[in-house]
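Protein chains in written order, with the numbering used here: chain A, 529 to 754; chain B, 529 to 754.
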């Protein structure tokens, strides 16, 4: 069984990759180089795909800066030191318009070419409640679309399934799950705004969620912070 | 009212653009540079967007060759001199996996950034019955997805509509419609396999459909053929 796994090089997608492997899938990893500020992610993704023995790893270059509209790809300042309530209250400025729709579309193309019937994506509706494209109803709608969009769907050969194993888990639960599967979180990168050498800032939303997750899981985060 | 119009530089998308303009929309054109063999399309798209007074025109570079799987982006031979029955009988080798899903995803991102509520795409279910992602049920599923995927959808501010004004028209009807709207088809390019200087071959599926359309519309095709 072949699966396409969306791999950013972060904590969530790496845990998802371990779960797909545990479920017995051959792994075809897909990473996006979309003009994110933190290119260290791409290097981590390469190492992680190799570590997990992926059959193939594609890095797709797309320019999401072209349209603008997000702090992750624009010059809008990444917010720091916000509390949980502030983070959840609104659609964050780090939201990238239609990002997961675009990412899943490429996963679908890759799955069709490789004849993979399963796509894994580490979206999470708990910590990222503000992102419209992290919700279960969005994923379900994409699955419906995917089965209408492809040759296999038309020929009734194969139905494509989108797996979101993290969608209802807290960060601490994700970390616990990953550790059970032997994930080495030292390989992963989460920071939105890393310093020289890829060192995590410790104060952006993503670092804060990660640190809180490790704290709640009562495990030390193996990466260093500035 | 703002609309995003998917513009390839071909006959169908140019007619769609004219229809969006006629309906009173401001035009934001989106063209893909996806490693197609016929780069002349991109030049035509630029000229056409300018001709129609588009507010903005973005050319998005994505590499669909990376995954393989289509004669339009691979080294698979483009079929020629096939009859209508052969063309309709199967999913053509010129089908690009998940292409319209990817294209519409970028339209959605562009629409969200520009706050456009309408997307126009010149898909056609008559001549391209073999393409799964040209069917009305696919478009409907994407519209559902789009309204779940975006900020506006979540905030209930705006519902996004996908217009497919050509979906049930024959090529001859499309041409007649375009001529009524003053479209100059000499600006458009359809050939899958053009010769030096962008000259159309006259024998590929796309040239054949075009020529047959003009013939049935009893109008001379203003472009030259090899």
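We treat Cβ as the ideally placed atom computed from N, Cα and C, and that holds for glycine.
| query | result |
| --- | --- |
| Residues near residue 617 of chain B by beta carbon distance below 7 Å, same chain, minus five either side | Low confidence applies to residue 617 of chain B: its pLDDT is 47, below 50, so where it sits in the model is not reliable, and the reading given next is rough at best. Around residue 617 of chain B: no qualifying Cβ. |
| For residue 558 of chain B, the first and last residue of its enclosing beta strand (DSSP E) | 554-561 |
| First through last residue of the beta strand (DSSP E) which encompasses residue 526 of chain A | Since the first and last residues shown for chain A are 529 and 754, residue 526 of chain A lies out of range. |
| Limits of the unbroken beta strand (DSSP E) element including residue 531 of chain A | 530-534 |
| Contiguous beta strand (DSSP E) assignments of at least 3 residues, all confined to the stretch 649-677 of chain A | none |
| Test item: CB-CB of residue 655 of chain B and residue 737 of chain B under 8 Å | yes |
| Cα-Cα separation, residue 641 of chain B to residue 588 of chain B | 15 Å |
| Chain A within 8 Å of residue 747 of chain B, Cβ atoms only | no |
| Collapsed DSSP secondary structure at residue 751 of chain A in the structure displayed | coil |
| Cβ-Cβ distance between residue 583 of chain A and residue 554 of chain A below 8 Å | yes |
| Exposed unless 16 or more other CB atoms sit within 10 angstroms - verdict on residue 578 of chain B | exposed |
| Partner residues on chain A for residue 633 of chain B, Cβ-Cβ distance less than 7 Å | 626, 629, 630, 633 |
| Residue 590 of chain B at chain A interface by Cβ criterion, 8 Å | yes |
| Residues of its chain near residue 704 of chain B, where Cβ-Cβ distance is below 7 Å and the 5 sequence neighbours each way are ignored | 745 |
| Counted within 10 angstroms of its Cβ, other Cβ atoms place residue 537 of chain A as buried (16 or more) or exposed | buried |
| Closer than 7 Å at the beta carbon, the chain A residues around residue 562 of chain B | The premise fails here: residue 562 of chain B is roughly 11 Å from chain A at the closest Cβ pair, so nothing lies under 7 Å. |
| Residue-chain proximity (residue 641 of chain A, chain B), Cβ-Cβ < 8 Å | yes |
| Residue(s) in a DSSP beta bridge with residue 647 of chain A | A:532, A:690 |
| Short CB-CB distance (under 8 Å) between residue 666 of chain B and chain A | yes |
| 6 Å Cβ shell around residue 666 of chain B - same chain, five flanking residues per side excluded | none |
| Terminal residues of the alpha helix (DSSP H) in which residue 577 of chain B lies | 568-579 |
| Cβ shell of residue 700 of chain B (< 6 Å), same chain only, five flanking positions each side left out | 741, 744, 745 |
| Host alpha helix (DSSP H) of residue 638 of chain A (start-end) | 627-642 |
| Simplified DSSP assignment, three categories, for residue 745 of chain B | coil |
| Residue 644 of chain A at chain B interface by Cβ criterion, 8 Å | no |
| Check whether residue 659 of chain B and residue 558 of chain B have beta carbons under 8 Å apart | no |
| Interface flag, residue 586 of chain A vs chain D, CB-CB below 8 Å | Although the question refers to chain D, the structure presented lacks it and instead comprises the protein chains A and B. |
| Buried or exposed (CB count within 10 angstroms, at least 16 for buried), residue 723 of chain B | exposed |
| Any chain B beta carbon closer than 8 Å to residue 742 of chain A | no |
| Boundaries of the alpha helix (DSSP H) in which residue 702 of chain A is found, first to last residue | 699-708 |
| Beta-carbon gap between residue 707 of chain A and residue 747 of chain A smaller than 8 Å | yes |
| Helix, strand or coil at residue 551 of chain B [DSSP, three-state] | coil |
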